[in-house]
Each structure stands twice: as C-alpha cells, then as structure tokens.
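The next block holds one structure in the form of structure tokens; read it before the comments.
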Amino acid sequence: MAMRLPSWQIGYALGIPIRVHASWFLVFFLVTWTLATGYLPDSLPGLSPGRYWAMGGMAAVLLFLSVLLHELGHSYVALRYSIPIDRITLFIFGGVAHMRKEAPTPRAEFLIAAAGPAVSVLLGAACLGFVELAEPMQQQRGLRGLVILSALLGAVNVQLGLFNLIPGFPLDGGRVLRAGLWAWGKDFYRATKQASIVGLGFGAGFVLLGVMMVVGSAMGGIPVSMASTGSWIVLIGAFLFAAALASRRQAAMRQTLAAVPLRNLMVTTVVTIPAQCTLEEAVNRYFQPYGYGGFPVLDDERLVGLITVHDIQAVSPAAWPWRQVGQVMRQAGPSLIVEPDTPVIQVMEHMVREGWDRLVVMQDGKVVGLVTHSAIVHFLQLRQATSR
Ligand SMILES: [Zn+2]
3 MAMRLPSWQI GYALGIPIRV HASWFLVFFL VTWTLATGYL PDSLPGLSPG
53 RYWAMGGMAA VLLFLSVLLH ELGHSYVALR YSIPIDRITL FIFGGVAHMR
103 KEAPTPRAEF LIAAAGPAVS VLLGAACLGF VELAEPMQQQ RGLRGLVILS
153 ALLGAVNVQL GLFNLIPGFP LDGGRVLRAG LWAWGKDFYR ATKQASIVGL
203 GFGAGFVLLG VMMVVGSAMG GIPVSMASTG SWIVLIGAFL FAAALASRRQ
253 AAMRQTLAAV PLRNLMVTTV VTIPAQCTLE EAVNRYFQPY GYGGFPVLDD
303 ERLVGLITVH DIQAVSPAAW PWRQVGQVMR QAGPSLIVEP DTPVIQVMEH
353 MVREGWDRLV VMQDGKVVGL VTHSAIVHFL QLRQATSR
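With positions in the sequence shown counted from 1, the corresponding number in our numbering is that position plus 2.
See below:
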C-alpha cells in the first residue's frame with residue numbers, strides 16, 4: 003500500500019541510515035495542523051497564529067525524534083547482539099528498524115523487543131516529571147509553552163510505549179510474547195505463528211472497534227468527533243492484521259524449508275563442463291541444448307568452479323572461440339558447496355549470504371547434485387498449492 007511511495011535518507015544514528023517515508027509527511031502535517039488550530043489555541047490562548055504554527059511544527063519534530071529514539075532503543079540492543087541493521091524508516095504508523103537477521107536466542111529477542119517501549123515510557127515519564135516540577139512556576143509565558151509541549155510529548159511517548167506493548171506480533175509486545183513462547187516450546191517458527199495469530203486477533207479487534215465508533219458517531223450515539231479517531235483505529239487495525247498475516251505466512255514457509263533436507267529438491271542429473279572447454283563449445287554443446295543457467299566446472303574429475311550465462315555474456319562473443327571456461331568461471335570454494343542433508347532454509351540463507359544463486363551439492367568429495375534459487379521458489383509454490 004503506502005509503502006510503495008518513495009523515502010529519503012536524512013542522516014545517520016548509531017551508524018544506521020535514517021530514512022523518512024513519504025507517508026510520514028502526512029503525519030507531520032496532520033500533527034502540526036491539529037495542534038496549531040485546535041489544541042494550542044485552546045490551552046495557551048492569546049498568541050498569534052504564527053506562534054501556534056511554529057509550536058505545532060516543533061511538537062511534530064519532537065514527535066519524530068520520539069519515534070526515532072524508540073527505534074534506536076531496539077537498534078542499540080540488536081547491535082550489541084551483533085545483528086546488523088540496514089536502516090531505520092519512519093512512516094505513517096511509526097518506525098521500523100530493518101534487522102538483517104533474527105535474534106539468536108529468546109533472551110535476545112525479549113531484550114531487543116522490550117528496549118523500544120522502555121525508551122518511550124522512560125522518555126514519557128521524564129517529560130511528565132518535568133511538567134510536575136515546572137507547573138507551579140508557569141506564570142512566565144515562555145515556560146507555559148514549554149510545559150504544554152512537554153505534557154503533550156510525555157503523553158504521546160507513554161502511549162507509544164504502551165501501544166507497542168500490545169502482545170500481537172509483529173508489534174513489540176508480540177515479539178516479547180514470541181520470545182516467551184520460543185523459550186517455552188523451543189520452536190522459533192511455531193512461536194512466531196502463535197504470536198502472529200494473537201496479532202491477527204488484535205488487528206481484527208481494532209478494525210471492529212473502529213467501525214463501531216464510526217457507525218456509532220454517524221448514528222448519534224457517541225460524539226461526531228470520535229469518527230476520525232475511529233477511522234484511524236480501523237487503519238491501524240488493518241495494518242496490524244496484514245502484517246500479522248504476512249508474518250504467519252513467512253514463518254510457515256520457513257518452517258517448511260527448515261524441515262526439508264536439500265536432498266529432496268536438488269537436481270541429481272548434473273551435467274558438468276570440463277575446464278578446458280572453450281566458451282564457444284560451452285554455448286553450443288551445453289548452454290543451448292540443455293537450457294540451464296549454469297554448470298559446475300570439472301578439471302580431471304575435480305570441482306574447480308561454476309560457470310553461468312552471465313559469466314559468458316560478460317565476454318565479447320569474438321573471444322568465445324579461444325577463451326576457456328576455466329578462465330572465465332567463478333572459482334570453487336567452500337562457499338559454492340553444500341551437503342545433501344542441509345535443511346533447505348540454511349541453503350537459502352547460504353545463497354543470500356554468499357551471493358550465489360546456485361550451489362553444488364557434494365558428498366564424500368563427489369558432485370551429487372545441483373540446487374538453484376528458482377528451484378527452491380518453485381518447490382515452495384508447489385507446496386503451497388498442495389497444502390490448500
Ligand atoms: Zn518498537
């Protein structure tokens with residue numbers, strides 16, 4: 003949905019690129035507008051419209067910083083567990099820290115998940131504490147503005163922390179729940195699926211609640227102003243529902259791939275190319291007749307590399323008659339080889355990590371098969387088709 007809009011990098015924090023998604027500007031405008039035209043004139047009368055807009059804009063920036071600090075809380079703990087973070091993105095429903103891998107243990111998962119809400123609640127408490135201290139002295143006009151902003155920011159941060167503690171995955175509270183279920187049942191994927199079901203429940207519940215508020219205000223049972231809150235709750239509920247559904251599907255997929263050994267989906271009739279073969283021979287005798295994207299290369303029965311269509315395309319066709327496969331191929335190394343009993347999920351992670359889209363399967367020093375990324379994708383599609 004909205005995620006297809008562009009985003010812009012605005013800087014770094016903890017070495018992590020910070021990006022702002024286009025949808026976030028809508029929030030920025032809405033917050034500034036709501037404060038400048040309603041909340042601020044009500045609670046701090048007698049100022050010029052310009053002042054209200056400036057204060058509203060400042061509050062929106064502080065809100066932005068609050069969400070960023072929440073994500074940095076997650077990120078700081080994740081980095082301590084050596085989990086790389088690609089970027090932090092702020093968008094219409096808050097922020098996301100994109101972690102490159104899952105937490106290594108339930109304990110790590112718990113601490114990473116809890117750090118964000120902890121930052122928000124502490125920040126909120128600090129703001130509200132300041133309000134308590136400064137309230138008796140707020141006769142000075144400058145201080146009064148500060149007290150009002152601080153009260154607002156305190157409330158928002160406490161809400162941000164508490165909302166995220168709702169135990170529906172993928173909210174932070176859902177991650178805490180997953181950590182508990184994972185520690186309890188010793189099964190990461192099952193824990194993810196269970197926590198996602200709770201997420202589905204909360205998502206559906208919010209949608210229902212929001213719809214009831216909208217309908218209720220239309221029929222006159224509750225104030226009309228509740229209609230906009232209601233629609234906002236519908237949106238958040240729908241977003242949570244969709245995210246929980248996607249998490250559940252992904253966990254089911256990974257669970258399948260973790261249970262299947264590579265042996266079950268590798269190609270066993272492997273065609274190999276001798277290293278001395280010229281590129282012209284390789285094209286005419288292997289690539290064209292078989293139609294495969296790549297072949298393992300052997301030198302005297304020994305695996306020495308892998309050659310793909312892309313490697314050949316990189317060489318000018320004029321040179322094909324005299325360049326040898328062994329000169330153009332990617333050299334074999336431990337990163338190219340997997341064993342037939344490896345779970346497919348690990349094979350897939352191996353491919354992503356090492357940048358190969360096909361791997362050679364070896365057992366006892368002999369080539370016994372070949373596996374490609376697209377073969378794994380096809381396998382999954384067939385599995386999904388048969389499980390329906
Ligand atoms: Zn969070």
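Quick reminder that beta carbons are idealized off the backbone N, C-alpha and C, glycines included.
Strand pairing of residue i, partner residues [DSSP]
i      : result
Trp184 : None; Trp184 has no bridge partner.
Ile378 : Partner(s): none; Ile378 has no beta bridge.
Gln11  : Arg21
Ile87  : Met101
Met364 : Val369
Arg332 : Leu308
Val354 : None; Val354 has no bridge partner.
Pro169 : For Pro169, which the question treats as bridged, DSSP gives no partner whatsoever.
Pro276 : Leu300
Leu92  : Val22 and Gly97
Gln326 : Thr280
Val340 : Val363
Pro345 : Pro263
Buried versus exposed call for residue i [16 or more other C-beta atoms within 10 Å across all chains shown]
i      : result
Met57  : buried
Met221 : exposed
His380 : exposed
Gly16  : First, the residue type needs correcting, since residue 16 is Leu and not Gly in the sequence shown. Classification of Leu16: exposed, given that the 10 Å Cβ count is below 16.
Asn286 : exposed
Gly13  : exposed
Tyr292 : exposed
Thr34  : buried
Val194 : One detail in the question is off: residue 194 reads as Thr in this sequence, not Val. Classification of Thr194: buried, given that the 10 Å Cβ count is 16 or more.
Asn159 : buried
Arg304 : exposed
Ser376 : exposed
Trp184 : buried
Gly367 : exposed
Thr388 : exposed
Gly97  : buried
Phe31  : exposed
Val330 : buried
Gly40  : exposed
Ser227 : exposed
Own chain, CB closer than 7 Å to residue i, minus 5 neighbours either side, in chain order
i      : result
Val149 : Val133, Ala136, Glu137 and Gln140
Met3   : Only weak support exists for where Met3 lies, its pLDDT of 40 falling under 50; the value from the coordinates is given anyway. Closer than 7 Å at Cβ, skipping near neighbours: no residue.
Lys103 : Ile85
Met214 : none
Glu356 : Ser337
Val172 : Here the sequence assigns Pro to residue 172, which means Val is not the residue at that position. Result list for Pro172: Gly201, Ala245, Ala246 and Ser249, in chain order.
Leu211 : Ile235
Arg180 : Glu111, Phe171, Ala193, Thr194 and Ala197
Val327 : Ile275, Ala277, Cys279, Leu281, Ala284, Val299 and Ile309
Gly59  : Thr34
Check whether residue i and residue j have beta carbons under 8 Å apart
i      : j      : result
Ser9   : Thr91  : yes
Phe95  : Ile238 : yes
Val178 : Phe93  : no
Leu167 : Phe204 : no
Leu281 : Val340 : no
Ala61  : Leu28  : no
Pro108 : Gly163 : no
Gln365 : Pro345 : no
Val373 : Val349 : yes
Asp359 : Arg332 : no
Ile18  : Ile114 : no
Val362 : Leu300 : no
Thr274 : Val370 : no
Arg146 : Leu7   : no
Ala240 : Val209 : yes
Ala277 : Val317 : no
His76  : Ala99  : yes
Ile378 : Leu267 : yes
8 Å CB neighbourhood of residue i in its chain, flanking five on each side removed
i      : result
Gly202 : As written in the sequence, residue 202 is Leu, which differs from the Gly given in the question. Hits under 8 Å: Gly170, Phe243, Ala246, Leu247 and Arg250.
Asp302 : none
Leu71  : Val121, Ser122 and Leu125
Tyr191 : Ala253, Ala254, Arg256, Gln257 and Ala260
Tyr294 : Val273 and Tyr288
Residue i: CB within 7 Å of a non-hydrogen atom of ligand 2
i      : result
Asp174 : Looking at this structure, you won't find ligand 2 anywhere; what it does contain is ligand 1.
6 Å CB neighbourhood of residue i in its chain, flanking five on each side removed
i      : result
Ala229 : Val216 and Ser219
Asp174 : Ala115, Gly118, Pro119 and Asn166
Trp186 : none
Leu420 : Absent from the model: residue 420. The displayed extent of the chain is 3 to 390, so no value can be given.
Arg1   : Absent from the model: residue 1. The displayed extent of the chain is 3 to 390, so no value can be given.
Trp55  : Ala38
Residue i at chain B interface by Cβ criterion, 8 Å
i      : result
Arg177 : The structure shown contains no chain B, having only a single protein chain.
Exercise. Where in the region 278-311 do unbroken runs of the beta strand (DSSP E), each at least 3 residues long, occur, reported from the N-terminal end onward?
Worked result: The qualifying runs are 296-301 and 304-310.
For this session: Ignoring anything shorter than 4 residues or poking outside the region 25-67, list the alpha helix (DSSP H) runs there in chain order.
Result: The alpha helix (DSSP H) runs of length 4 or more contained entirely in the region 25-67 are, from start to end of the chain, 42-45.
For this session: Counting only runs of 3+ residues fully inside the region 202-285, write out the beta strand (DSSP E) ranges in chain order.
Result: Entirely contained in the region 202-285, not one beta strand (DSSP E) run reaches 3 residues.
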